[in-house]
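Colleague: Residue numbers are given in my numbering: position 84 of the sequence shown equals residue 80, and the series is strictly consecutive.
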Amino acid sequence: MGGYPATTNAYKFKQGTDILKRMAAREMPADIADVKGEDITLHLRQENFLQQPRDVYAVVWSAGGGFGDPFERDPSRVREDVIDSRSVSIAAAREIYGVAITADGVVDATATRMLRISRREANRKKDGQVARLGGAVLACLTDSLDLRREQDGVHAACCRCAADLGLARGNYKDLCMRRDTDIGAANPNIGDYRRYIDDRPMFRQFFCPGCGALIENEVARENDPILHDIELHVR
-3 MGGYPATTNA
7 YKFKQGTDIL
17 KRMAAREMPA
27 DIADVKGEDI
37 TLHLRQENFL
47 QQPRDVYAVV
57 WSAGGGFGDP
67 FERDPSRVRE
77 DVIDSRSVSI
87 AAAREIYGVA
97 ITADGVVDAT
107 ATRMLRISRR
117 EANRKKDGQV
127 ARLGGAVLAC
137 LTDSLDLRRE
147 QDGVHAACCR
157 CAADLGLARG
167 NYKDLCMRRD
177 TDIGAANPNI
187 GDYRRYIDDR
197 PMFRQFFCPG
207 CGALIENEVA
217 RENDPILHDI
227 ELHVR
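See below:
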């Protein structure tokens, strides 16, 4: 549905830290990164390792993935994520949500509008014409896709600009503009995959060729075929 994936689980372990001194001084670190000590790399789901009183073990768990095109999120809500809940950085607000927040925590409405326009323009098809459909809307497939009846059959279409994304029995992603980036672009808290796996995971994004809106994302191994996630045979 266009939402970004959440972070992966992370298991962090430090030995011989200064945690006892901090506790004696009534200091509570906010993150294991604030504690001085030797970083120990743990295996995936490693068990039965010895933890001494001066050692620190931290677990970061994953959350639910996002939903919809981040560029459609209300900028004021993004500001709340940055300022109030501190779940999004100013840099991520700009990169992922297309929201410009000043150093003093104010949404720059003009810069935000121009940023979103320019980013969507960069995402859409540049060469050739993009067919627009005018047939009746039969159903809403996702938050980004409509099902339309045309003379040659039922098609998938962008719900924002009615760009043709092919027959419903085909893969709408084949007609989208595609961008592949490292999995870390999806979430800065996702760890280095090379610690655990050999195949490189990629973050694939599929944009409407007509208006540049985000249609769908997928996480896949570098050489995996495009996921055919919706296949409809409609009479």
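Don't be surprised by glycine CBs; every beta carbon is placed ideally from N, CA and C.
Beta carbon of arginine 73, beta carbon of glycine 12: below 7 Å?
Modeller: As a working note, residue 73 is residue 77 in the sequence shown. As a working note, residue 12 is residue 16 in the sequence shown. Not closer than 7 Å, so no.
Colleague: Can you tell me the Cα-Cα spacing of aspartate 14 and aspartate 35, whole angstroms?
Modeller: Start at 1 with the first residue of the sequence shown, and residue 14 comes out as number 18. Start at 1 with the first residue of the sequence shown, and residue 35 comes out as number 39. One C-alpha to the other measures close to 13 Å.
Colleague: Compute the Euclidean distance between the alpha carbons of valine 126 and alanine 2, then round it to the nearest angstrom.
Modeller: In the sequence shown, counting from the first residue as 1, residue 126 sits at position 130. In the sequence shown, counting from the first residue as 1, residue 2 sits at position 6. Cα to Cα, the separation comes out at about 33 Å.
Colleague: Using the three-state DSSP reduction, which class does threonine 37 fall into: helix, strand or coil?
Modeller: Stepping through the sequence shown from its first residue, residue 37 is reached at position 41. The answer is coil: DSSP assigns threonine 37 none of H, G, I, E or B.
Colleague: Among Leu223, Thr98, Gln48, Cys155, which residue has its Cα nearest to the Cα of leucine 129?
Modeller: Residue 129 sits at position 133 when you count from the first residue of the sequence shown. Per the Cα distances, Cys155.
Colleague: Are the beta-carbon atoms belonging to tyrosine 7 and leucine 46 less than 7 Å from one another?
Modeller: By one-based count along the sequence shown, residue 7 stands at place 11. By one-based count along the sequence shown, residue 46 stands at place 50. No, the Cβ-Cβ distance between tyrosine 7 and leucine 46 is not below 7 Å.
Colleague: For the alpha helix (DSSP H) containing asparagine 119, list its first residue and its last residue.
Modeller: As a working mapping, residue 119 is identified with position 123 in the sequence shown. From DSSP, the alpha helix (DSSP H) with asparagine 119 extends over 105 to 119.
Colleague: Measuring only the C-alpha atoms, how far is glutamate 68 from valine 102?
Modeller: Here residue 68 refers to the residue found at position 72 when the sequence shown is read from its first residue. Here residue 102 refers to the residue found at position 106 when the sequence shown is read from its first residue. Near 18 Å, if we compare the C-alpha coordinates of valine 102 and glutamate 68.
Colleague: Secondary structure at isoleucine 211, three-state DSSP: helix, strand or coil?
Modeller: Numbered from 1 along the sequence shown, position 215 holds the residue referred to as residue 211. Strand.
Colleague: Since glutamate 280 is in the beta strand (DSSP E), which residue starts that stretch and which ends it?
Modeller: Shown here, the chain extends from -3 to 231; a query on residue 280 therefore has no answer.
Colleague: Taking Cβ positions, are leucine 223 and alanine 164 nearer each other than 7 Å?
Modeller: On the sequence shown, residue 223 is found 227 positions in, with the first residue counted as 1. On the sequence shown, residue 164 is found 168 positions in, with the first residue counted as 1. Contact: no.
Colleague: Do aspartate 70 and leucine 210 have their CB atoms nearer than 7 Å?
Modeller: Taking the first residue of the sequence shown as position 1, residue 70 is located at position 74. Taking the first residue of the sequence shown as position 1, residue 210 is located at position 214. No, they are not a contact pair.
Colleague: Candidates Glu146, Arg174, Thr177, Arg175: which alpha carbon is nearest alanine 162's?
Modeller: Taking the sequence shown and counting its residues from 1, the one referred to as residue 162 is at position 166. Sequence check: residue 162 is glycine here, not alanine. Ranking the options by Cα distance to glycine 162, first place goes to Glu146.
Colleague: What's the call for isoleucine 113, buried or exposed, on a 16-neighbour Cβ count within 10 Å?
Modeller: Position 117 of the sequence shown, counting from 1, holds the residue named residue 113. Label assigned to isoleucine 113: exposed.
Colleague: Quick one: is arginine 22 buried, meaning 16 or more other Cβ sit within 10 Å of its Cβ, or exposed?
Modeller: Indexing the sequence shown from 1 puts residue 22 at position 26. With fewer than 16 other Cβ atoms within 10 Å, it is exposed.
Colleague: Using DSSP's beta-bridge definition, name the partner residues of cysteine 204.
Modeller: To locate residue 204, count along the sequence shown from 1; it is residue 208. Note: cysteine 204 sits in no beta bridge, so no partner.
Colleague: Let me make sure I understand the geometry here. Which of Asp170, Asn213, Leu134 has the alpha-carbon closest to that of aspartate 178?
Modeller: Looking up residue 178 in the sequence shown gives position 182. Nearest of Asp170, Asn213, Leu134 to aspartate 178, Cα basis: Asn213.
Colleague: Under a Cβ-count criterion, where at least 16 other Cβ atoms within 10 Å of its own Cβ denotes burial, should proline 221 be classed as buried or exposed?
Modeller: Sequence index remark: in the sequence shown, residue 221 carries index 225 (1-based). With fewer than 16 other Cβ atoms within 10 Å, it is exposed.
Colleague: Using three-state DSSP, classify phenylalanine 45 as helix, strand or coil.
Modeller: As a first step, residue 45 must be located in the sequence shown, where it is residue number 49. Reduced to three states, the DSSP call for phenylalanine 45 is coil.
Colleague: Taking 7 Å as the threshold (C-beta atoms), are lysine 17 and valine 31 in contact?
Modeller: Position 35 of the sequence shown, counting from 1, holds the residue named residue 31. Position 21 of the sequence shown, counting from 1, holds the residue named residue 17. No, the Cβ-Cβ distance between valine 31 and lysine 17 is not below 7 Å.
Colleague: Could you spell out the range, first to last residue, of the beta strand (DSSP E) harbouring aspartate 176?
Modeller: Here residue 176 refers to the residue found at position 180 of the sequence shown. Where aspartate 176 is concerned, the enclosing beta strand (DSSP E) stretches over 173 to 178.
Colleague: Quick check: cysteine 172 and phenylalanine 202, are their CB atoms within less than 7 Å of each other?
Modeller: Locating residue 172 in the sequence shown gives position 176, counting from the first residue. Locating residue 202 in the sequence shown gives position 206, counting from the first residue. Their beta carbons are under 7 Å apart, which means cysteine 172 touches phenylalanine 202 by this criterion.
Colleague: Which value, in whole angstroms, describes the spacing of the CA atoms of tyrosine 0 and glutamine 48?
Modeller: By 1-based counting over the sequence shown, the position of residue 0 is 4. By 1-based counting over the sequence shown, the position of residue 48 is 52. Cα-Cα distance, rounded: 38 Å.
Colleague: Return the chain-ordered list of same chain residues with a C-beta closer than 8 Å to the C-beta of arginine 90, the five sequence neighbours on each side being excluded.
Modeller: Numbered from its first residue, the sequence shown carries residue 90 at position 94. Closer than 8 Å at Cβ, skipping near neighbours: Ala96, Ile97, Leu111.
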